[in-house]
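Working notes for the structure below.
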Amino acid sequence: MNSLALINEFLGQPPNASSHGYQIDHIIEFCHWFMATLFVGWSTFFIYVLIRFRKRRQPQADHAGVRSHISTHLEFSVVLIEAVLLLGFAIPLWARRVNQFPPGKEALLVHVVAQQFSFNYHLPGADGQFARRDVNLVSNSNPLGIDPNDPAGEDDIVTTGELHVPVDRPVIAELSSKDVIHDFFIPDMRIAGDAIPGSLIPVWFTPVKTGTYEVICAQLCGLGHYGMKGTLVVDTPQDYQAWLKERAELAGTQSTPPASTQRPPGEPTSGGATPGTIPPPGGPKPSNADAEGAGAPPHAEQQLHNAPASSASPSPHG
Ligand SMILES: [Cu+2]
């Protein structure tokens, strides 16, 4: 595979970081080399024909045309190679991706809920149980509509924009969307799947290299599509446990509003909007908006719930 890797690098493909990615790289490389060979072959033939059958040399047109069968054999070979590529490589590879999911106990299951213009992640926490979600409970401080009365949700972890996963463990991401069709795409993991409202679409991958990778939306989903990016951090198992602990601690502070002393200096202690919420479009401007806008450090709670500035716009049209 490495001998062929040149063309993928040339086309700007980032290095693979997942266990199945090399198979996808291999087929992309083979297809590109195959197409490059065809391009050179047919171009050479075209130029040869232009010169060989030019009018000066061939004043009298020959209506019988080509008598040799070389081109028939060539075309048949191309069809055969394409059929082998499709039936022998592409379809079996695709079938393994969609039919052979890792067993539930072994894999890390995460719900990915896309929205204009960010990705939210829902992890089940220590009990392994996801809380019930209800679209009627969705608010700016509860982006996934998690039922606060469901005991399964007490240890659930919700993050926006950044997801951590441990290395060498399969990850199953169940994709859905709150508004329009998005596409959860992690180029380094060689994985992509549409996030469609009303559907739950699972995709899976096993990260094999620690690091920070870009998550992007691969469906034109609105005016803010260009900014719909996130981060996947592949941690060592120890770092992943530390992140889970940190998230669980942050989640524990969710229900308690920050004491007035925790507010940034200059911010009114009461009367403003609740931290972590965004006023509805056209609604009154919160009195602490200026203080927040002036670069005051966000509360931990806001970090947990709020999407990045580009995606926190309350307008569904961005
Ligand atoms: Cu999108």
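Read in order, the letters of the sequence shown are residues 596 to 913 in this note's numbering.
A virtual CB, placed ideally from N, CA and C, is assigned to each residue, including glycine.
| Check | Outcome |
| --- | --- |
| What is the residue span of the beta strand (DSSP E) that Tyr716 lies within? | Ser713 to Leu718 |
| Taking contact to mean at least 3 C-beta pairs separated by less than 8 Å, is the stretch 700–715 in contact with the stretch 651–666? | no |
| Between the alpha carbons of Leu601 and Phe641, how many angstroms are there, rounded? | 28 Å |
| What whole-angstrom Cβ distance do Ser613 and Pro802 have, given they're in contact under 8 Å? | 6 Å |
| Tell me the rounded alpha-carbon separation between Leu756 and Gln618. | It is worth fixing the name first, because residue 756 is Gly in this sequence and not Leu. Looking at the two C-alpha atoms, the distance is approximately 28 Å. |
| Would Tyr835 be called buried (16 or more neighbouring beta carbons within 10 Å of its own) or exposed? | buried |
| Can you tell me whether DSSP reads Glu809 as helix, strand or coil? | strand |
| Would you report the Cα separation of Arg728 and Ile791, rounded to the nearest angstrom? | 16 Å |
| Given a cut-off of 9 Å on the beta-carbon distance, is the pair Pro609 and Asp783 in contact? | yes |
| Looking at ligand 1, does it come within less than 8 Å of Gly817, judged from the CB to the closest heavy atom? | yes |
| Taking the alpha-carbon of Gln837 as reference, which of Lys773, Leu770 and Val760 has the nearest alpha-carbon? | Gln is not the amino acid found at residue 837; the sequence shown has Ala there. The shortest Cα separation from Ala837 among Lys773, Leu770 and Val760 belongs to Val760. |
| Just the Cα atoms here: how many angstroms apart are Leu770 and Thr826? | 16 Å |
| Helix, strand or coil: which one does DSSP assign to Ala631? | helix |
| Any chance the CB of Ala787 is under 8 Å from a heavy atom of ligand 1? | no |
| For the alpha helix (DSSP H) containing Ala709, list its first residue and its last residue. | Counting along the chain, Ala709 falls outside any alpha helix (DSSP H), though it belongs to the beta strand (DSSP E) covering Leu703 to Gln710. |
| Please name the residue, chosen from Arg662, Val679 and Val828, that lies closest to Val810 on a Cα-to-Cα basis. | Val828 |
| At a threshold of 8 Å, does Leu688 count as lining ligand 2 (C-beta to nearest heavy atom)? | Absent from the structure shown: ligand 2. Ligands present: ligand 1. |
| Might you give, ordered along the chain, the residues of its own chain that have their beta carbon closer than 7 Å to the beta carbon of Ala726, omitting 5 neighbours on each side? | Ile741, Asp742, Asp745, Ala747, Gly748 and Asp751 |
| Mapping DSSP to helix, strand and coil, what is Ser771? | strand |
| Considering only C-alpha positions, which residue in the set Gly660, Ile623, Val644 and Asn737 is nearest to Glu569? | With the chain running from 596 to 913 in the structure shown, residue 569 is simply not present. |
| Any heavy atom of ligand 1 inside 8 Å of the beta-carbon of Ala768? | no |
| At a cut-off of 8 Å, is Ala709 close to ligand 1 when judged by its beta-carbon and the heavy atoms of the ligand? | yes |
| Would Ile776 and Tyr808 be called neighbours here (beta carbons separated by less than 9 Å)? | no |
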